[in-house]
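One structure is given here, and the rest of the page talks about it.
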Amino acid sequence: DLMMALVLCTSPVTLLKLDVTKAHRRIKILRKDWRYMTAEVKGQVWVNKVGTYGVASAQYHWGRFAALILRLLYYTFPEIIWAFVYVDDYMIIIPTHLADLLTMKIITFLHAIGLPISWKKITLSDPNTWLGYLVTTRPLRACLSPDKQTIISNTLLALQSEVHMDLNTMRTTAGRLNWATMIYDLLRPFLQPIFAWVAAMVKRSETQRWGVLRAVPPKRVRTVATTLLRLFSELPPEIRDARLDTTIFAASDAGARTTTPHGTQMPHHEAIVGGWYGPPTQHKHDKHWFFITLDPTRHPWAFEKGNPQLHIASMELYGTLLLYKAITANQADTHISLDISLNTDNRGNAYQATDQKTKNDTAANMLMELALLQHSRRCRLQLRHVYRENNEWADQLTHADTQGFDANLEIIPDESTWHIFDRI
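Just so we're aligned, residue 1455 is where the sequence shown starts under my numbering, counting upward by one.
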């Protein structure tokens, strides 16, 4: 949210960071609520009269008070562009030409209403650090702070090595990476193999009766760790507004059918993915298009259970992946930013591509490849769900029907070069 707010800022801004001292203990609990704040220690009942850190209800009370402070700041100082709070850390975006005077006013106001500020943690600067992230406004970019960068790099180095790790270490590793990837949503799909491995080890530990459970990270996890280590070592891309003057229509789909050829009893499975893109017109003849037939040799993931109909969601996501590669094949200018809207009639895939999360291994592999493509080509994919009756052209291609499409605009999808999909 902070980065999106900075994207919308049209004039130079400066970041003011404030930290509240012992925030949770500042809230006095009403006497009628004391009964919910008790603990028995050695036969004696103790009552928490303030929101002590560590008590589950502390954030309930402080969170509402922190939001009240935020509203008071907005009402008192209309010059504030945006203000954010996370637990007890405030980040305030203020105009650069008012930075010094407005900062003194804000701090004086907070002192006057009795909110204690940690003086040593006040920072007015650009760049600035917040919640362990280093944020710059010129250019607009967010990355890990140097100390957090070292921690995450060491964590990934341990994860990519073939050394045994115990369950507690694995959980800590997964938690750290979950935090680190929040800075860049395209990195979220890379967490799926790690959390799937942790979940499998937790399940295994429930049946193990002796010893400390230890395991070597599987190859898929080590591959993901190597990729994440490279991405975190690079300077993250600058955040820019998307170019809105480039408009295309695009859609993809997949279909699977099972037939029994005459004279045989063996079923024949056929799976096809297809898609098209072009200018925003209501005609097929000016659209680029493709369809390919999947086979067990080149696409084993679609035939894992014999019948590709059981993997229709993964096949539809694969069609999206191929179509995105085709659309952005000539996107060599990394100085602009594009948002590419692409339609699918699979609601689940639209959600997964938006949230950058899935529990399915095959879908996660495809989302990882999509993420690396978006990262390298600076084109964000906006996958939108449409109902099947509004996706007729793509559905037509999944039946190998090209009627109405121009044969000269057929494209050959690139299935030979991948960032990570072929290795996992």
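C-beta: ideal position from N, C-alpha, C; glycine also.
Helix, strand or coil for residue i? Go by DSSP, reduced to three states.
i: Arg1595; result: strand
i: Pro1549; result: strand
i: Asp1620; result: strand
i: Leu1683; result: helix
i: Leu1667; result: coil
i: Phe1757; result: helix
i: Gln1828; result: helix
i: His1515; result: helix
i: Leu1522; result: helix
i: Arg1711; result: strand
i: Asn1814; result: coil
i: Tyr1544; result: strand
i: Leu1610; result: helix
i: Thr1703; result: Checking the sequence, you will find Phe at residue 1703 rather than Thr. Strand, per DSSP.
i: Thr1856; result: coil
i: Pro1690; result: coil
i: Thr1735; result: coil
i: Glu1823; result: helix
i: Arg1752; result: coil
i: Phe1531; result: coil
i: Trp1672; result: Reading the sequence as shown, one finds Pro at residue 1672 and not Trp. Here Pro1672 sits in coil by DSSP.
i: Thr1557; result: helix
i: Thr1879; result: Lying outside 1455 to 1878, the shown extent of the chain, residue 1879 is not represented and no answer is given.
i: Thr1677; result: helix
i: Glu1883; result: With the chain covering 1455 to 1878 only, the question about residue 1883 has no answer from this structure.
Out of the options, point me to the one whose CA is closest to residue i's CA.
i: Ala1825; options: Asn1845, Ala1848, Thr1856 and Thr1774; result: Thr1774
i: Asn1622; options: Ala1596, Phe1649 and Asn1761; result: Phe1649
i: Val1675; options: Ala1708, Leu1641 and Gln1614; result: Gln1614
i: Thr1577; options: Glu1660, Arg1485, Ile1560 and Gly1568; result: Ile1560
i: Pro1647; options: Leu1682, Ile1746, Ala1848 and Arg1592; result: Leu1682
i: Gln1603; options: Gln1857, His1873, Arg1684 and Ala1725; result: Arg1684
i: Pro1443; options: Leu1460, Trp1536, Leu1640 and Pro1867; result: With the chain running from 1455 to 1878 in the structure shown, residue 1443 is simply not present.
i: Ser1465; options: His1551, Phe1519 and Gly1760; result: His1551
i: Val1539; options: Lys1471, Phe1644 and Ser1830; result: Lys1471
i: Glu1770; options: Leu1851, Gln1828, Met1720 and Pro1721; result: Leu1851
i: Ile1794; options: Asn1803, Leu1777, Asp1809 and Asn1800; result: Leu1777
i: His1839; options: Ala1807, Thr1812 and Thr1718; result: Ala1807
i: Ser1687; options: Ala1634, Leu1585 and His1737; result: Ala1634
i: Ala1818; options: Met1619, Val1678, Thr1475 and Asp1542; result: Val1678
i: Ala1521; options: Val1499, Val1504, Met1545 and Asn1502; result: Met1545
Ends of the alpha helix (DSSP H) at residue i?
i: Val1461; result: Leu1456 to Leu1462
i: Asn1803; result: Arg1801 to Asp1809
i: Leu1945; result: Given that the chain is displayed from residue 1455 to residue 1878, the structure contains no residue 1945 and the question cannot be resolved.
i: Gln1850; result: Glu1846 to Leu1851
i: Lys1657; result: Gln1646 to Ser1659
If I follow the unbroken beta strand (DSSP E) through residue i, where does it start and stop?
i: Asp1487; result: Note, Asp1487: premise wrong, no beta strand (DSSP E); not H, not E.
i: Ile1746; result: His1742 to Leu1748
i: Ile1726; result: His1722 to Gly1732
i: Ala1413; result: Residue 1413 lies beyond the stretch modelled for the chain, which goes from 1455 to 1878, so this question has no answer here.
i: Lys1471; result: Val1467 to Asp1473
i: Thr1577; result: Thr1577 to Ser1579
i: Gln1836; result: Cys1833 to His1839
Would you list the one or two residues that DSSP bridges to residue i?
i: Trp1633; result: Partner(s): none; Trp1633 has no beta bridge.
i: Trp1584; result: Tyr1587
i: Glu1494; result: Val1499
i: Ser1795; result: Gln1836
i: Val1504; result: Lys1482
i: Phe1875; result: According to DSSP, Phe1875 bridges with nothing at all.
i: Ile1571; result: Val1474
i: Glu1864; result: Trp1743
State the CB to CB distance for the pair residue i and residue j, rounded to an integer number of angstroms; the pair is presumed to be in contact (CB under 8 Å).
i: Phe1757; j: Pro1750; result: 4 Å
i: Ala1441; j: Ile1781; result: The structure shown does not extend to residue 1441, since the chain is modelled only from 1455 to 1878, so the question has no answer here.
i: Trp1755; j: Trp1847; result: So it is not a contact: roughly 26 Å between Cβ atoms.
i: His1515; j: Ile1481; result: 4 Å
i: Ile1547; j: Val1467; result: 5 Å
i: Val1474; j: Asp1542; result: 4 Å
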